[in-house]
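Shown next, in structure tokens, is the structure this report addresses.
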Amino acid sequence: MEKTNKLFLWAGLLIGLAVFSLLLNLVFIFNGALGSLTIKTSRVAGATINQDTTTPPSNQPAPSPAPAAPAPAAKQTFNITKSDHVRGDFNAPVTLVEFSDFECPFCERHYPTMKQILSNYKDKVRMVYKHFPLSFHPSAQKAAESSECASEQGKFWEYHDKIFDNQSSGLSLDKFKQWAVDLKLNTKKFNDCLDTGKYAAKVQSDTQEGAQKGVNGTPATFVNGQLVSGAVPYEQFKQIIDSL
Numbered sequence: 001m002e003k004t005n006k007l008f009l010w011a012g013l014l015i016g017l018a019v020f021s022l023l024l025n026l027v028f029i030f031n032g033a034l035g036s037l038t039i040k041t042s043r044v045a046g047a048t049i050n051q052d053t054t055t056p057p058s059n060q061p062a063p064s065p066a067p068a069a070p071a072p073a074a075k076q077t078f079n080i081t082k083s084d085h086v087r088g089d090f091n092a093p094v095t096l097v098e099f100s101d102f103e104c105p106f107c108e109r110h111y112p113t114m115k116q117i118l119s120n121y122k123d124k125v126r127m128v129y130k131h132f133p134l135s136f137h138p139s140a141q142k143a144a145e146s147s148e149c150a151s152e153q154g155k156f157w158e159y160h161d162k163i164f165d166n167q168s169s170g171l172s173l174d175k176f177k178q179w180a181v182d183l184k185l186n187t188k189k190f191n192d193c194l195d196t197g198k199y200a201a202k203v204q205s206d207t208q209e210g211a212q213k214g215v216n217g218t219p220a221t222f223v224n225g226q227l228v229s230g231a232v233p234y235e236q237f238k239q240i241i242d243s244l
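Numbered by the numbering used here, the letters in the sequence shown go through residues 1 to 244 in order.
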């Protein structure tokens with residue numbers, strides 16, 4: 001009986017050791033798997049952080065900022081006197097100062113637009129004409145001078161219209177003198193004025209004023225001091241004038 005009890009005791013010890021060993025192995029396996037999972041998770045997290053905080057290579061240029069919108073041209077002021085060439089009511093609230101070239105085809109296209117404005121806004125608009133002959137128009141300077149010689153005899157606007165009405169046929173000294181005859185000017189006085197360049201300096205003075213005001217081409221029209229460049233349609237001028 002005693003021998004049997006000893007056998008049971010040893011058998012129980014062996015079984016207990018086996019169970020303990022098995023449990024110990026399971027703990028090691030579980031801890032190893034958990035550690036591997038933790039390492040992988042950390043690596044993934046690290047990769048994510050690195051990806052989010054990575055900066056572009058130093059040799060890669062930074063994106064350029066969006067260009068700023070161009071500022072509108074500053075309003076200009078003009079001291080208009082009785083010596084200026086003014087068409088319309090001298091005291092009109094809206095002033096159109098036009099810098100023009102008698103040989104410029106765009107100015108010729110602009111000419112009827114200005115006449116339409118003056119016709120439709122008789123009491124609201126006055127037009128002031130200033131010279132801006134372009135150097136690549138060979139007859140523009142003398143055309144401007146001829147209009148000043150006509151102005152000396154009180155017919156600037158008649159001569160102004162005569163030039164633009166006939167611009168397409170070409171400009172020349174002979175034509176300038178013939179148009180003086182057509183308008184019944186004192187031709188000797190007119191021819192002497194034109195041949196001696198009496199008003200060359202005045203024409204150049206207008207041109208210099210235009211350049212100082214920002215004019216770099218023709219036609220250039222200032223509506224109450226705000227520059228409108230080019231031969232724009234009547235509707236565009238109408239919109240501007242109606243807003244004033």
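Don't be surprised by glycine CBs; every beta carbon is placed ideally from N, CA and C. Just so it is clear, the structure is predicted and the values come from calculations on it, not from any experiment.
On a Cα-Cα basis, can you pick out the residue from the options that is closest to residue i?
i    : options                : result
V203 : C149, R87, T113        : C149
K82  : Q167, H160, G154, G217 : G154
F164 : G230, P93, R109        : R109
C107 : K184, D161, D182       : D161
D242 : G88, S229, V94, T187   : V94
R87  : E152, H137, W157, P219 : W157
Please report whether the beta-carbon of residue i lies at a distance below 8 Å from any beta-carbon of chain B.
i    : result
I240 : Note that chain B does not occur in the displayed structure, where there is just one protein chain.
Please look up how many angstroms separate the CB atoms of residue i and residue j, rounded, as I've assumed it's under 8 Å.
i    : j    : result
T207 : H131 : 6 Å
E98  : T196 : Between T196 and E98 the Cβ distance is about 27 Å, and since that is not below 8 Å, they are no contact.
From the DSSP output, in three-state form, read off residue i for me.
i    : result
A200 : helix
E235 : helix
S151 : helix
G134 : The sequence as given places Leu at residue 134; Gly does not occur at that position. Three-state DSSP puts L134 in coil, outside helix and strand.
S146 : helix
G225 : coil
G88  : strand
V181 : helix
A220 : strand
Cβ-heavy atom distance between residue i and the ligand PLP below 7 Å?
i    : result
H131 : Questions concerning the ligand PLP fall outside what the structure shown contains, since it holds no ligand whatsoever.
Only counting the same chain, and skipping five residues up and downstream in sequence, which positions put a Cβ closer than 6 Å to that of residue i?
i    : result
I240 : V223
G210 : F99, F132
L173 : none
Q226 : K75
Leaving aside the five residues before and after residue i along the sequence, list all residues of the same chain whose C-beta is less than 7 Å from its C-beta, in chain order.
i    : result
A144 : F102, H131, P133, V203
Might you give, ordered along the chain, the residues of its own chain that have their beta carbon closer than 8 Å to the beta carbon of residue i, omitting 5 neighbours on each side?
i    : result
S151 : H85, Y159
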